[in-house]
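Notes to accompany the following structure.
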Amino acid sequence: MSLDLPLTPPMPGVAPSLWKRRSRWQRIRQAWVPLLRRPGFSLALLVVVFALLCALAPQALSGFDPYATSPLDKLSAPSAAHWFGTDELGRDLYTRVVYGARLSVLAASLAVAIALLGGLGIGVLAGFAGGRIDAALMRLVDVLLALPSLLLALAIVTAIGFGTVPVAVAVGVGIIPGFARTTRAEVLRIKTLPYVEAARLGGASWTRTLLRHVLPNAWGPVAVLATLDFGAAILATAGLSFLGFGAAPPAAEWGTLIANGRHFLITAPWVSLLPGSFVVAVVFSLNHLARSAEEHAR
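Offset between the sequence shown (1-based) and this note's numbering: plus 4.
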């Protein structure tokens, strides 16, 4: 049975604002209910929500201190007391993974925000201006695309310094080209559609046309790309932290946690494998959410 419900006109006596809210709720329900019926989508959503909860309220998910050491319990295997075991200093590894979500998610969010703002600016300017400006901006984007994003991030973080924020800036600059290309393509497609031309003929300025007609309709593919790149940003920031460019010890960060356990892969493999598996689960879940939303939109 179809779940798509027609949007009924406002009934007599119903305020237009209330009807608009009901219509918006109907559209949201029509978009999300079919997706939530997929087990894979629901599981991926739970993993992502758990990771966000770890970043926002880690103290609600663990009663241990992430920095409290216990030498007698060092390198303990996973158990009922320590779900992920303990590290080389006896610290609860599950707690450090939970608290590490704050820095890792913050770095990935900042990276995607930088890429989103930079990519939207370049893509909109190139798509609207056209001509030599478009050619010059796209050649710059082509140069950035020719460089491996991780190599570019390494060069930037080496130049500006170590830490969570420099790593986020470096990763964000590295993923700007993808946003710029996607935004430009959508702007070029939408600005030639009849309703945009009708708005221009009706006297609307280019700024009003951009804000009211072009950007809202170009947001779909950009939002999907942002979700995909959020997972890529988590991997990139974790990779740079693994190499020692992230937050300084004893700060808990996913890449740093994985790096700390590489010396114990034989005697205590859980020190690296369990944090690494959690990062992989979060990234795969983000990718699955983005792909599912894109398929449903089609």
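All C-beta atoms, glycine included, are put in the ideal place defined by N, C-alpha and C.
Per the C-alpha coordinates, the member of Arg185, Arg212, Asn291 positioned closest to Val145 is Arg185.
Relative to Arg216, the option among Ala227, Leu229, Lys195 whose CA is nearest is Lys195.
The beta carbons of Gly182 and Gly123 sit closer together than 9 Å. With respect to the C-alpha of Val287, the residue from Ser66, Arg42, Leu56 having the closest C-alpha is Leu56.
A distance of 9 Å or more separates the beta carbons of Pro254 and Val101. The beta carbon of Ala222 sits closer than 7 Å to the beta carbons of Thr187, Glu190, Val191, Ile194 from its chain, once the five residues preceding and following it are set aside; these are given in chain order.
Excluding sequence positions up to five before and after Val200, its CB lies within less than 8 Å of the CB of Ile194, Thr213, His217, Val218, all in the same chain and listed in chain order. Looking at the backbone, the Cα of Arg295 and that of Pro225 are separated by about 11 Å.
DSSP, reduced to helix, strand and coil, places Thr73 outside both helices and strands of the structure shown, so it counts as coil. Straight-line spacing of the CA atoms in Phe234 and Ala272 works out to 30 Å.
Just so you know, the alpha carbons of Val128 and Gln63 end up roughly 42 Å apart. Taking the Cα positions, Ala130 is about 27 Å away from Ala297.
The criterion of a C-beta distance shorter than 9 Å is not satisfied by Val275 and Asp69. Of the residues Leu229, Arg266, Gly134, Ser113, the one whose Cα lies closest to the Cα of Ala59 is Ser113. Beta bridge pairing from DSSP links Asp96 with Thr90. When secondary structure is reduced to three states using DSSP, Ala55 falls in the helix class.
Per DSSP, reduced to three states, the secondary structure at Thr231 is helical. In the three-state reduction of the DSSP assignment, Leu65 falls in the coil class, being assigned neither a helical nor a strand state.
Comparing C-alpha distances from Leu232 to each of Ala105, Ile126, Leu120 shows the shortest one belongs to Leu120.
Under the three-state reduction of DSSP output, Phe183 falls in the helix class. Looking at Ala240, Arg95, Pro82, the one whose alpha-carbon comes closest to that of Leu155 is Ala240. If you look at Ser153, you'll find it in the alpha helix (DSSP H) that goes 153-164. For the alpha helix (DSSP H) assignment, the uninterrupted runs of no fewer than 4 residues enclosed by the region 199-287 are, from N- to C-terminal side, 210-213, 219-246, 258-264. Taking C-beta separations shorter than 6 Å and ignoring five residues to either side along the sequence, the partners of Tyr98 in its chain run Trp87, Phe88, following chain order. Assigned with DSSP and collapsed to three states, Gly44 falls in helix. At the C-beta level, Gly176 and Ala117 come within 9 Å of one another. In this chain, the alpha helix (DSSP H) harbouring Thr168 covers 168-178. At the C-beta level, Val109 and Ser289 stay beyond 9 Å of one another. At the C-beta level, Phe246 and Ala263 come within 9 Å of one another. The alpha-carbon separation between Gly250 and Thr168 amounts to approximately 5 Å.
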